[in-house]
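Using my numbering, the first residue of the sequence shown is number 103, and each one after it goes up by one. Okay, so here's the structure we're looking at.
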Amino acid sequence: QVQLVESGGGLVQPGGSLRLSCAASGVIFRDNVMGWYRQAPGKERELVATVNSGGSTNYAHSVMGRFTISRGDAKNAVYLQMSSLKPEDTAVYYCNLEVPVVAAEYWGQGTQVTVSS
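Right, dumping it as structure tokens:
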């Protein structure tokens, strides 16, 4: 069973930075996509950024140039460096792991990010 554990959320002022981490455990296929999604109150969950096992990244337009996604050396961790944070970035951020070869998808429990003065 795959488990994803996130950390690094919190309260930050506008213009500040935060780094989210997600560690995956269990049996993980080599070819996968890890990413971050977020859900603000009253809104649907939306993609923030993804990175595949080859290192290719994809970002939502709203975070381009401000957020950077990366993977750990062991490929079973993913990070989201968030800079120039805005109040509209406030949401619960979820770590996601997709394994296309077996059509599997896993989610973390979520971590709250609040951007407010």
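A virtual CB, placed ideally from N, CA and C, is assigned to each residue, including glycine.
Test item: CB-CB of residue i and residue j under 8 Å
{"i": "C124", "j": "A206", "result": "no"}
{"i": "V215", "j": "T192", "result": "yes"}
{"i": "A151", "j": "F131", "result": "no"}
{"i": "L233", "j": "Y181", "result": "A query on residue 233 cannot be resolved here, the shown segment of the chain reaching from 103 to 219 and no further."}
Integer-rounded CB distance, given that residue j should sit under 8 Å from residue i
{"i": "Q105", "j": "S127", "result": "5 Å"}
{"i": "G137", "j": "V153", "result": "7 Å"}
{"i": "S218", "j": "L113", "result": "7 Å"}
{"i": "P189", "j": "D133", "result": "In fact, because the Cβ distance is near 37 Å, the residues do not count as touching under 8 Å."}
Spatial distance of residue i from residue j (CA atoms)
{"i": "V135", "j": "A142", "result": "23 Å"}
{"i": "P116", "j": "Q183", "result": "15 Å"}
{"i": "R147", "j": "G212", "result": "11 Å"}
{"i": "Q103", "j": "V204", "result": "13 Å"}
{"i": "H163", "j": "V129", "result": "32 Å"}
{"i": "G167", "j": "Y208", "result": "27 Å"}
{"i": "G157", "j": "K145", "result": "29 Å"}
{"i": "A176", "j": "S155", "result": "11 Å"}
{"i": "S172", "j": "R140", "result": "17 Å"}
Per-residue DSSP class, three states only, for residue i
{"i": "V204", "result": "helix"}
{"i": "V104", "result": "coil"}
{"i": "S127", "result": "strand"}
{"i": "E146", "result": "coil"}
{"i": "S119", "result": "coil"}
{"i": "S164", "result": "helix"}
Exercise for review: Indicate whether the contact test is met: 3 or more Cβ pairs, each with one atom in the region 105-115 and one in the region 190-199, closer than 8 Å.
Suggested key: yes
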